[in-house]
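Chemist: Chains as they are written, first to last, in the numbering used here: chain S, 800 to 1030; chain V, 804 to 1094. For each residue, glycine too, the CB sits at the ideal point set by N, CA and C.
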Ligand SMILES: Nc1ncnc2c1ncn2[C@@H]1O[C@H](COP(=O)(O)OP(=O)(O)OP(=O)(O)O)[C@@H](O)[C@H]1O
Ligand SMILES: [Mg+2]
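#1: Closer than 7 Å: is that where the CB of residue 840 of chain S sits relative to any heavy atom of ligand 2?
#2: Can the beta-carbon of residue 882 of chain S be found less than 8 Å from the beta-carbon of residue 999 of chain S?
#3: Counting contacts by CB-CB distance shorter than 8 Å, is residue 972 of chain S in contact with chain V?
#4: Look up residue 921 of chain V in the DSSP assignment and give the residues it is bridged to.
#5: Please go through the same chain and pick out, in chain order, the residues whose beta-carbon is closer than 7 Å to the beta-carbon of residue 817 of chain S, but skip the five residues on each side of it.
#6: Are there any heavy atoms of ligand 3 lying less than 7 Å away from the beta-carbon of residue 836 of chain S, as far as the coordinates show?
#7: According to the Cβ coordinates, are residue 861 of chain V and residue 922 of chain V closer than 8 Å?
#8: If you measure beta-carbon to beta-carbon, which residues of the stretch 893-919 of chain S are closer than 8 Å to chain V?
#9: At 4 residues or longer, and completely inside the stretch 899-946 of chain S: list those alpha helix (DSSP H) runs for me, N to C.
#10: Thinking residue 935 of chain V and residue 817 of chain V are a contact (beta carbons under 8 Å), I'd like their distance in whole angstroms, please.
#11: Taking the beta strand (DSSP E) that residue 1116 of chain S falls in, what are its first and last residues?
#12: Assuming residue 847 of chain V and residue 911 of chain V form a contact by the criterion Cβ under 8 Å, report the distance between their Cβ atoms to the nearest whole angstrom.
#13: With C-beta atoms as the reference, is residue 899 of chain S less than 8 Å away from residue 934 of chain S?
#14: Rounded to the nearest angstrom, what separates residue 888 of chain S and residue 909 of chain V at their Cα positions?
#15: Out of S:1017, S:944, S:833 and S:992, which has the shortest C-alpha to C-alpha gap to residue 893 of chain S?
#16: Taking Cβ-Cβ distances shorter than 8 Å, what residues in chain V pair up with residue 874 of chain S?
#17: Inspect the CB distances between the stretch 865-882 of chain V and the stretch 988-1004 of chain V and report whether three or more fall short of 8 Å.
#18: If contacts are defined as beta-carbon pairs under 8 Å, then residue 967 of chain S and residue 992 of chain S qualify, I think. What distance do you get, rounded to the angstrom?
#19: Applying a beta-carbon distance threshold of less than 7 Å, which residues of chain V neighbour residue 849 of chain S?
#20: Between the alpha carbons of residue 1094 of chain V and residue 974 of chain V, how many angstroms are there, rounded?
#21: Using a Cβ distance threshold of 8 Å, determine whether the stretch 831-851 of chain V contacts the stretch 1069-1082 of chain V, with at least three qualifying pairs required.
#22: Using a Cβ-Cβ cut-off of 8 Å, state whether residue 1027 of chain S counts as contacting chain V.
#23: Report yes if the C-beta of residue 1005 of chain S is less than 7 Å from at least one heavy atom of ligand 2; otherwise report no.
#24: Helix, strand or coil for residue 969 of chain V? Go by DSSP, reduced to three states.
#25: Going straight from the alpha carbon of residue 827 of chain V to that of residue 939 of chain S, what length do you get?
#26: Spell out whether any CB of chain S is found under 8 Å from the CB atom of residue 1043 of chain V.
#27: Using 8 Å as the limit for Cβ to Cβ distance, is residue 890 of chain S near chain V?
#28: Show which residues of chain V have a CB atom less than 8 Å away from the CB atom of residue 948 of chain S.
#29: Pull up the distance between the alpha-carbon of residue 1025 of chain S and that of residue 972 of chain V, whole angstroms please.
#30: So residue 824 of chain S packs on residue 880 of chain S, CB below 8 Å; how close in whole Å?
#31: CA-CA distance, residue 903 of chain S and residue 1003 of chain S?
#32: Under the rule that 16 or more other beta-carbon atoms within 10 Å means buried, what is residue 1064 of chain V, buried or exposed?
#33: I'd like the span of the beta strand (DSSP E) that includes residue 886 of chain S, first residue to last.
#34: Using a C-beta to C-beta distance shorter than 8 Å, which residues of chain S count as neighbours of residue 972 of chain V?
#35: Taking the C-alpha atoms as reference points, what is the distance between residue 841 of chain S and residue 964 of chain V?
#36: Is residue 999 of chain S near ligand 2, with its Cβ less than 7 Å from a heavy atom?
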């Protein structure tokens, strides 16, 4: 569904992503794992159109979407749940969900029901300012907001960051559920154990290069991965 | 009693006119964290637009054309002078704004030859009326009501429409707004369009009280409106409106007293006091800077 060829991204003179190739097959959960500063967020931000790559091609179902503006990319069905959630603190929960559907002009009722059924907590709090939600609730809202654009591909940047283990479990089971409903997932995680158990396909990223790939199970058994990421 | 009424009337009318300018400062600050120094000059140019347009067209056509030109000017200034500096340090954009301000003043001097241009008489607004024994122009009575209607419409737009929601989102976080599919440049243009439109309406109300207009005519009302916006808490629309009425009313009271010469000194003293006591203004947000 999504195919990345020879992607390089520079910040000033520093090369953060050094020529990577990978693929996200339709209907799967794909994860990128790697240490701090490996370039994971940069890759997702480049796909989302926030950062322009130096070279390389990003294709969505054979269509070249490299360097399109972020709004065009959203309209193609790709959405990003950003690192650190970034809900709009002054907007209510409901407004945050509605703004996720900003480019849509059709009725939102059905999708609101869908998001509320995934996250009943959000329904109870729909009139509350998003800034007053707990960290876990904000993460749920960030995911719900992304779903409101009715994405084909949802990218998630460290959704488990700073959350209690029980909440992390919840988030991952929701990711599975969303994937079961036909949304392809590209997931970045530091929590490699959880990510590899959930993913169909996984890539290991080290300082801007992909060094390993395989199914989640293969990488869970890999000695190097065990040593570096599974402790 | 009559005296008090006349002070009150001119106070709320001035306040209303400042409010229409102050909203432009506050909206732009809210989104770009930029003090748009050119805004007072856009207000002045709006006045000149009407001076010239009214010599070529009947007023019923000249007024809407003036608003259209003013909006186009605000839009063009943002596209030409601020948009190219979107990722530059804030100080550069500020300097660009000062440059635009001087450019507009100099252009106005060039076109008018530096001579005062007499402002056209507007039907109804320029007519005299006597209420409670006080003789004044209709514009004094109309201003507060017109401002009220415009401010309510603006609040409705900001709080209950999709565009308004996008404006609030962009004001908080450019990048996440882009991830929602919002074109931030369109939203920023929109705030300049609204601000210039209100400044255009304000210029019509304000200059009707004066016989003529010169290239520096925008400077003082612009500055007072800016003080009003800071006073109310820059970034907040209700704050700008309340601040403007307070500034307008105190100006009117002082101008009616033996200390009238100190009216601007008082306005700025008020600004200093509020900045010391409550730096975020009456209605300001607690955390103003975004990361
Ligand atoms: N805006 C920026 N300007 C300059 N350098 C940047 C910028 N953003 C990221 N970098 C650099 O690019 C490299 C990759 O950063 P990136 O955020 O993609 O890493 P990451 O894998 O997401 O790390 P983490 O797990 O800590 O989130 C880092 O060395 C970082 O310092
Ligand atoms: Mg990251």
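Modeler: The short version:
#1: The answer is yes for residue 840 of chain S.
#2: No, the pair does not count as a contact, with Cβ atoms beyond the cut-off.
#3: Chain V places no beta carbon closer than 8 Å to that of residue 972 of chain S, leaving this residue out of the contacts.
#4: DSSP, once it has assigned bridges, lists V:1015 as partnering residue 921 of chain V.
#5: Contacts found: 807, 1007 and 1008.
#6: The model depicted lacks ligand 3 and carries ligand 1 and ligand 2 instead.
#7: Contact flag unset, no.
#8: Close to chain V, meaning a Cβ-Cβ distance shorter than 8 Å, are the following residues of the stretch 893-919 of chain S: 894, 897, 898, 899, 901 and 902.
#9: Counting only runs of at least 4 residues, the stretch 899-946 of chain S fully encloses the following alpha helix (DSSP H) elements, listed from N- to C-terminal order: 908-917, 919-923 and 934-946.
#10: In this structure residue 935 of chain V does not touch residue 817 of chain V by the C-beta definition: roughly 18 Å separates them, more than the 8 Å allowed.
#11: A query on residue 1116 of chain S cannot be resolved here, the shown segment of chain S reaching from 800 to 1030 and no further.
#12: Confirmed, about 7 Å.
#13: Inclusion of residue 899 of chain S and residue 934 of chain S in the CB contact set at 8 Å is not warranted, their separation being larger than that value.
#14: If you take the alpha carbons of residue 888 of chain S and residue 909 of chain V, they lie about 43 Å apart.
#15: When only C-alpha atoms are compared, the closest one is S:944.
#16: 984, listed in chain order.
#17: With contact defined as three or more Cβ pairs closer than 8 Å, the stretch 865-882 of chain V and the stretch 988-1004 of chain V are in contact.
#18: Between residue 992 of chain S and residue 967 of chain S the Cβ distance is about 10 Å, and since that is not below 8 Å, they are no contact.
#19: Result: 978 and 981.
#20: A caution first: residue 1094 of chain V carries a pLDDT of 35, below 50, which makes its placement in the model too unreliable to give a value.
#21: At 8 Å Cβ cutoff, the stretches do not touch.
#22: By the rule that beta-carbons nearer than 8 Å mark a contact, residue 1027 of chain S does not touch chain V.
#23: No, ligand 2 has no heavy atom inside 7 Å of this Cβ.
#24: Helix, per DSSP.
#25: Going by C-alpha positions, residue 827 of chain V is about 36 Å away from residue 939 of chain S.
#26: Closer than 8 Å to the CB of residue 1043 of chain V there is not a single CB belonging to chain S.
#27: Interface flag for residue 890 of chain S against chain V is set, since a Cβ pair is found closer than 8 Å.
#28: Under the 8 Å cutoff, chain V gives 983 and 984.
#29: The straight-line gap from Cα to Cα measures roughly 42 Å.
#30: At roughly 20 Å, the Cβ-Cβ gap does not stay under 8 Å, so residue 824 of chain S and residue 880 of chain S are not in contact.
#31: Distance between the alpha carbons of residue 903 of chain S and residue 1003 of chain S: 35 Å.
#32: Around the beta carbon of residue 1064 of chain V, fewer than 16 other beta carbons sit within 10 angstroms, so the residue counts as exposed.
#33: Per DSSP, residue 886 of chain S lies in no beta strand (DSSP E) and is assigned neither H nor E.
#34: Here the neighbours are 887, 890 and 898.
#35: Distance between the alpha carbons of residue 841 of chain S and residue 964 of chain V: 33 Å.
#36: Remark: the shortest separation between the CB of residue 999 of chain S and any heavy atom of ligand 2 does not fall under 7 Å.
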